[in-house]
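So the sequence lines, in the order shown, correspond to chains A and B.
Note that this note's numbering has the first sequence beginning at 1, numbered continuously upward.
Note that this note's numbering has the second sequence beginning at 1001, numbered continuously upward.
Protein chains: 2
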Amino acid sequence: MKKKKVYNIAIVGLGNIGSYLFNFLNNNKNNLSNKNNANFKLLYVSAKNRNKKRNIRIKKKQWIKNYNDILKKENVDIVIELIGGAEGAAKKLVFGALNKKKHVVTANKALISKYGDKLSKIAEKNKVNLEFEASVCGGVPIIRSIKEGLIANKINRIYGIFNGTSNYVLSSMDINKTSFNETIKKAIKFGYAESNPASDINGDDVASKVKILSCLSFNSFINKNIHVEGIKDIDEEDINNSNKLGYKIKLMGFSEILNNKIYQRVHPTLVKKSSYIASVNGVLNAVIVDGKPIGKNIIQGDGAGPAATTSALVSDISSILRGNIKFPFAISNNKRKNFPSGNIGDLYFSSYIRINVKDKYGVLSDVTKIFSNNKVSIKRVLQSPNKNKKSSSIVIITHRSKDNNIQKTLKTLAKKSYIIQKPKLLRIENG
Amino acid sequence: MKKKKVYNIAIVGLGNIGSYLFNFLNNNKNNLSNKNNANFKLLYVSAKNRNKKRNIRIKKKQWIKNYNDILKKENVDIVIELIGGAEGAAKKLVFGALNKKKHVVTANKALISKYGDKLSKIAEKNKVNLEFEASVCGGVPIIRSIKEGLIANKINRIYGIFNGTSNYVLSSMDINKTSFNETIKKAIKFGYAESNPASDINGDDVASKVKILSCLSFNSFINKNIHVEGIKDIDEEDINNSNKLGYKIKLMGFSEILNNKIYQRVHPTLVKKSSYIASVNGVLNAVIVDGKPIGKNIIQGDGAGPAATTSALVSDISSILRGNIKFPFAISNNKRKNFPSGNIGDLYFSSYIRINVKDKYGVLSDVTKIFSNNKVSIKRVLQSPNKNKKSSSIVIITHRSKDNNIQKTLKTLAKKSYIIQKPKLLRIENG
């Protein structure tokens, strides 16, 4: 029998994920070797601080003090980057490894969504793999599915819930009737949010994932134009109003090709209670791929955490062990395209608009006139007086209207003396 | 630049799926060649009847009258079998092709679930691919996901809705309040069921898929022991009762490892209205994989039809073009295991039991006594008089009880003189 090839692996970064992966690879050597018909050795590890308390047993000869020295080791075949961040050590390590013709596996969405095009060119030139399944939606095997399982399809739209923290916060506000700030505190306490959850909450994390999924879905280069809104302005009243109107609020990412332009956007979105997306609660992620000939395909699973991320990292490592060399973005770089960017203002949405107004004669009449002047037609109005304040809350659901017109409406409204608080806009997904 | 390798393809069987695939491959040559970094030629086609009306243009030199002659062609690399059926031509072609060291792609679940082990041994010995993504749940890339995207995971349970026809029938009976026979007629008319839908309705189609998914999930050989019940006895009253009790009825397939035994089963199942599975309607399929470290992963999509099946077939062809040679059942045959078979009678379910009884004193008391004698504890009872008949319908929901005890209860009940109709059992899924 032919002897199996042995791949030498180095892990750089030993936080929760790196440590989990380290143990997993040690405990599943035989099984992975059998399935992939190749062997691997966990040759080296490196991290900022050797003395940090970790639940792993590193042998003395495995430890490399300076991660740069790993690049000098001729015998390392696969570098697993778990440092994080688009710049600094992570960037240096990944560029360095690919230049040295080493395969790279990374969970770093910031890095890939910023330098993916450059990195992919080096990988293709040097015929090594650059794998980043773990960078998008943790354990949901969406990248591999687009590149392999759904390879036949011309994808025209990809969207879904790509951030577990914000989904946990919104679900939890809805179920427990708690405020945004209270819920964030709970999320941090229970480990569903990092101590600084800014990039999860402000939509940046989703934006990175949308950019990566766009490239894979449309065979395009990274497009940096993306409309991003987070969830920090969502309050209990929005959640209550949505419920009354038959909706749930979800932070969603969308990317689609329309008239040969690419539209990328991230924003809180109202979805019908009876829809599939409304049922995706807690830290779950869900990706919906719409393409031909397949129609709609859904993949759902745990979006984050050491266990789910390790599942993704190991699928990447396995792909390399099987010798399955692939283009990082599904197709050769010289075949990738640049689509012109579309503007969210040119898209049409039914929208939820909430304004707080002083309680006086003629306000509703003036408000509705502004809508009509901007060619936004109103489908439904909910007006209710605010407690102990001489003010009312007005919620308007519009018919499908051009987003630019809705934004103009909001701008005009904002200037009116009867408006107490900046008008709020939430788009509705009817798909 | 290195010249790309060219693979010669032969398609055998040109029904709806074969014809769709033929056109798709002709129209997507460039794109597939770019993505897979290899070229292909659609060299030969063969089918029973050359003169059948098809929407495809076959060149004279492509047509092979007798499919056996394809096996003799040295230059054919990939044989795509779309004849169907576990025996006869399909069997001969697939065994023949693998023996001649040709790659095989097939959508034939009957063949794979019966002869998969033998075929897999030949493929492994001859280092060619045997690919059958299209045999399970059409366009849902479940096989590739288990073998690649979820490769890290130890799967302990796989289940879901694996048959579009029966799911369409049950959803449609529920939504349109139509009878089983009426709905089947409509399904045939609209093309959601074949003119003879027996294997879709009686559970056999799901059983084949469960057997294949078991092998992939548990690294085991095909296990022929499976408990199979179809949907033909479900009537409008069951649908109504389920709705009243907060459930939907779905035909589901399950495979799981418990105490080192494999339990495979197919039966109509009550699922909570609020559950994900209840939301999977019409011809959709959904597969839920439960494993470690991933937790639960869901994949949903169109389960049948030429478009979805072609998506799966092309993912198989692409895998071969990329030179991604893999074990057909995820692991080498000499590492596959045989699990002893468990019996459904040893599992515990909460169950829905419906009996029709003559309206007379003491019946309910006798019925409940039989349950108690068999150690089945009752959670809920619905009794309602049948119209214009001196009889009642009794629906009992049990607490979790051993299935054997429930079956004994039904047998005892069936013998009672006050029972008008064979008692009916539907198991409840609480997962």
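Where is the CB? At the ideal position from N, CA and C, for every residue including glycine.
Owing to the predicted nature of the structure, the values given are computational and were not obtained by experimental measurement.
- From residue 1001 of chain B to residue 285 of chain A, what distance separates their C-alpha atoms? Residue confidence is low: residue 1001 of chain B scores 44 on pLDDT, short of 50, so the model does not pin down where it sits. Its coordinate-derived value is still stated next. Rounded to whole angstroms, residue 1001 of chain B to residue 285 of chain A spans 41 Å at the Cα level.
- Task: Measure the C-alpha to C-alpha separation of residue 1372 of chain B and residue 1341 of chain B and round it to an integer number of angstroms.
- Result: 29 Å
- Give me the Cα-Cα distance between residue 293 of chain A and residue 422 of chain A, rounded to the nearest whole angstrom. Taking the straight line from one Cα to the other gives about 44 Å.
- Message: Please tell me whether residue 1155 of chain B has its Cβ less than 7 Å away from any Cβ of chain A.
- Response: no
- Message: Can you tell me where the beta strand (DSSP E) holding residue 297 of chain A begins and where it ends?
- Response: 295 to 302
- Message: Please list the terminal residues of the continuous alpha helix (DSSP H) segment that includes residue 244 of chain A.
- Response: 236 to 245
- Query: In whole angstroms, what is the alpha-carbon distance linking residue 112 of chain A and residue 1174 of chain B?
  - Reply: 47 Å
- Message: Using beta carbons (cut-off 7 Å, strictly below), is residue 1423 of chain B in contact with chain A?
- Response: no
- DSSP puts residue 1418 of chain B in a beta bridge; with which residues? Answer is none; residue 1418 of chain B lacks a bridge partner.
- Query: Going by other Cβ atoms of all chains shown within 10 Å of its Cβ, with 16 needed for buried, is residue 56 of chain A buried or exposed?
  - Reply: exposed
- Message: For a minimum of 3 consecutive residues, which ranges assigned as the beta strand (DSSP E) are wholly contained in the segment 292 to 367 of chain A?
- Response: 295 to 302 and 348 to 358
- Task: Could you check which residue in A:232, A:220, A:176 and A:225 has the C-alpha nearest to that of residue 197 of chain A?
- Result: A:232
- Expressed to the nearest angstrom, what Euclidean distance is found between the alpha-carbon atoms of residue 1303 of chain B and residue 1228 of chain B? 20 Å
- Any Cβ of chain B within less than 7 Å of the Cβ of residue 318 of chain A? Using a Cβ-Cβ cut-off of 7 Å, residue 318 of chain A counts as an interface residue toward chain B, since at least one Cβ of chain B sits closer than that to its own.
- Whether residue 19 of chain A touches residue 54 of chain A by CB criterion (7 Å): yes
- Message: Assuming contact is defined by CB atoms lying nearer than 7 Å, are residue 1321 of chain B and residue 1021 of chain B in contact in what I supplied?
- Response: no
- Query: Who are the Cβ neighbours of residue 1316 of chain B in its own chain at under 6 Å, not counting the five residues just before and after it?
  - Reply: 1105, 1131 and 1133
- Message: Please classify residue 319 of chain A as buried or exposed, where buried requires at least 16 neighbouring CB atoms within 10 angstroms.
- Response: Buried is the call here.
- Message: Counting only Cβ pairs nearer than 7 Å, list the residues of chain A close to residue 1324 of chain B.
- Response: Against chain A, the beta carbon of residue 1324 of chain B has neighbours under 7 Å at 322 and 324, listed in chain order.
- Query: Do residue 397 of chain A and residue 352 of chain A have their C-beta atoms closer together than 7 Å?
  - Reply: Cβ distance < 7 Å, so residue 397 of chain A and residue 352 of chain A count as in contact.
- Proximal chain D residues relative to residue 35 of chain A, where beta-carbon distance stays under 7 Å: In the displayed structure, chain D is absent; the protein chains listed are A and B.
- Task: Measure how close the beta-carbons of residue 1145 of chain B and residue 145 of chain A come, nearest whole angstrom, since I'm counting them as under 8 Å.
- Result: 7 Å
- What's the C-alpha gap between residue 1242 of chain B and residue 238 of chain A? 34 Å
- Message: Can you list, in chain order, the residues of its chain with a C-beta nearer than 8 Å to that of residue 78 of chain A? Leave out the 5 residues immediately preceding and following it.
- Response: Here residue 78 of chain A has 7, 8, 9, 10, 40, 102, 103, 104, 105, 317 and 320 as same chain residues with Cβ atoms under 8 Å from its own Cβ, once five neighbours each way along the sequence are excluded.
- Task: Could you please give me the residues that DSSP links to residue 1276 of chain B through a beta bridge?
- Result: Beta-bridge pairing links residue 1276 of chain B to no other residue.
- With a CB to CB cut of under 8 Å and the five nearest residues on each side skipped, what residues in its chain are close to residue 1153 of chain B? 1289, 1291, 1292, 1293 and 1294
- Message: Against residue 276 of chain A, what residues of chain B qualify as contacts under a CB-to-CB distance less than 9 Å, listed in chain order?
- Response: 1276, 1279, 1280 and 1300
- Task: Closer than 8 Å by beta-carbon distance: list the chain B residues that pair up with residue 492 of chain A, in chain order.
- Result: Any question about residue 492 of chain A goes unanswered here, given that chain A covers just 1 to 431.
- By Cβ distance below 6 Å, which residues in the same chain neighbour residue 1116 of chain B in space, the five residues on each side in sequence not counted? 1222
- Task: Round the Cβ separation of residue 350 of chain A and residue 430 of chain A to the nearest angstrom and send it over; I've been treating them as touching at under 8 Å.
- Result: Confirmed, about 6 Å.
- residue 263 of chain A (DSSP reduced to helix, strand or coil): strand
- Message: Quick test of the definition: if touching needs 3 or more C-beta pairs under 8 Å, does the segment 1406 to 1416 of chain B touch the segment 1330 to 1341 of chain B?
- Response: No: fewer than three Cβ pairs fall under 8 Å.
- Query: Among residues of its own chain, excluding the 5 on either side of residue 1283 of chain B, which ones have a beta-carbon nearer than 8 Å to its beta-carbon?
  - Reply: 1164, 1165, 1167, 1168, 1192, 1302, 1303, 1304 and 1305
- Rounded C-alpha distance that separates residue 1180 of chain B from residue 1251 of chain B: 14 Å
- Along the chain, where does the alpha helix (DSSP H) that runs through residue 1039 of chain B open and close? No alpha helix (DSSP H) holds residue 1039 of chain B; the beta strand (DSSP E) holding it covers 1039 to 1046.
- Message: If we define contact as Cβ-Cβ less than 7 Å, is residue 1087 of chain B a contact residue for chain A?
- Response: no
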